[in-house]
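Student: Once you've had a glance at the structure underneath, I'll fire off some questions.
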Amino acid sequence: MAVEIGSILEGKVTGITNFGAFVELPDKATGMVHISEVSNTFIKDIHEKLSEGDTVNVKVIDINEKGKIALSIKKALPPEEESKPKRPAGDRPKRSQPPVWTGTQHSEPENMSFEDMMAKFKSVSDEKMSDLKKNNVAKRGASTPRRGGNSRG
């Protein structure tokens, strides 16, 4: 079988370096699997996943003009099902719609001009900043000197 980009072949690991592994392909050509193409998870030491003499399935991802063959083990793996449970469609946020103001203190944006919405936003923002500053003063204590102020009497 000829080595072509996109083909999945079985090969034998002939050498391992700290950056990848060399794999002999069926037609006696040799390609390299970069460490980032060994697994879908981070690998600190390639020896955790591969040893010389291992038989692996690889996908040919590139053949450069010098004839060097780039291989991938992770792209040769069958697609895996997601292990995380999926949320029901009703629980997903609707990204195509703009955010809607909620709560009793806000009017609906459709009934307000841009200037009114900006004024409302500014007042709500000022209230939140004021509350935040009060909370910070309470956490630090009122006796803490302010930055840059003169602490001498």
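Numbering follows this note's numbering, with no gaps: position 110 of the sequence shown is 97.
Note that CB positions come from ideal geometry on N, CA and C, so glycine has one too.
#1: Give me the Cα-Cα distance between Ser38 and Lys53, rounded to the nearest whole angstrom.
#2: Could you have a look at Ser59 and say whether DSSP puts it in helix, strand or coil?
#3: Count the other CB atoms, across all protein chains shown, that sit within 10 Å of the CB of Val124; report buried if there are 16 or more and exposed otherwise.
#4: If you follow the beta strand (DSSP E) that Lys(-1) is in, where does it begin and where does it stop?
#5: Have a look at Phe9, Asp14, Pro13, Lys15 and flag the residue whose alpha-carbon is nearest the alpha-carbon of His21.
#6: Consider the Cβ of Ile60: report whether some Cβ of chain C lies at a distance smaller than 8 angstroms.
#7: Is it buried or exposed for Gly7, if we count other Cβ within 10 angstroms and need 16 for buried?
#8: Where does Ala3 land, buried or exposed, given buried means 16+ other C-beta within 10 angstroms?
#9: I'd like to confirm the pairing. Which residues does DSSP put opposite Gly7 in its beta bridges?
#10: Going by DSSP, what residues sit across from Lys46 in a beta bridge?
#11: If you reduce the DSSP assignment to three classes, tell me which class Phe101 lands in.
#12: Could you tell me whether the Cβ atoms of Ile(-8) and Val47 are closer together than 8 angstroms?
#13: Nearest-angstrom Cα distance between Lys142 and Asp103?
#14: Could you tell me the distance, in whole angstroms, from the CA atom of Asn27 to the CA atom of Lys36?
Tutor: Straight from the coordinates:
#1: The residue labelled residue 38 in the question sits at position 51 within the sequence shown. The residue labelled residue 53 in the question sits at position 66 within the sequence shown. Between Ser38 and Lys53, the C-alpha separation is close to 27 angstroms.
#2: For the purposes of this step, residue 59 is taken as the residue at position 72 of the sequence shown. Correct three-state label for Ser59: strand.
#3: In the sequence shown, counting from the first residue as 1, residue 124 sits at position 137. Counting Cβ neighbours within 10 Å, Val124 comes out exposed, since fewer than 16 surround it.
#4: As a first step, residue -1 is located in the sequence shown; it is residue number 12 there, counting from the start. Residues -5 to 4.
#5: Within the sequence shown, residue 21 is the residue found at index 34, counting from 1. In terms of Cα proximity to His21, the closest of Phe9, Asp14, Pro13, Lys15 is Phe9.
#6: In the displayed structure, chain C is absent; only one protein chain is listed.
#7: Taking the sequence shown and counting its residues from 1, the one referred to as residue 7 is at position 20. Classification for Gly7: buried.
#8: Working through the sequence shown from its first residue, we reach residue 3 at position 16. The displayed chain sequence assigns Ile, not Ala, to residue 3. Counting Cβ neighbours within 10 Å, Ile3 comes out buried, since at least 16 surround it.
#9: Within the sequence shown, numbered from 1, the residue matching residue 7 stands at position 20. According to DSSP, which records beta bridges pairwise, Gly7 is partnered with Thr4, His21.
#10: For the purposes of this step, residue 46 is taken as the residue at position 59 of the sequence shown. DSSP lists Ile(-5), Ser59 as partners of Lys46.
#11: Walking along the sequence shown from the start, residue 101 turns up at place 114. Secondary structure of Phe101 (DSSP, three-state): helix.
#12: As a position in the sequence shown, residue -8 is number 5, starting the count at 1. As a position in the sequence shown, residue 47 is number 60, starting the count at 1. Yes, they are a contact pair.
#13: Here the chain covers residues -12 to 140 and nothing more, so residue 142 does not appear.
#14: On the sequence shown, residue 27 is found 40 positions in, with the first residue counted as 1. On the sequence shown, residue 36 is found 49 positions in, with the first residue counted as 1. Rounded to whole angstroms, Asn27 to Lys36 spans 12 angstroms at the Cα level.
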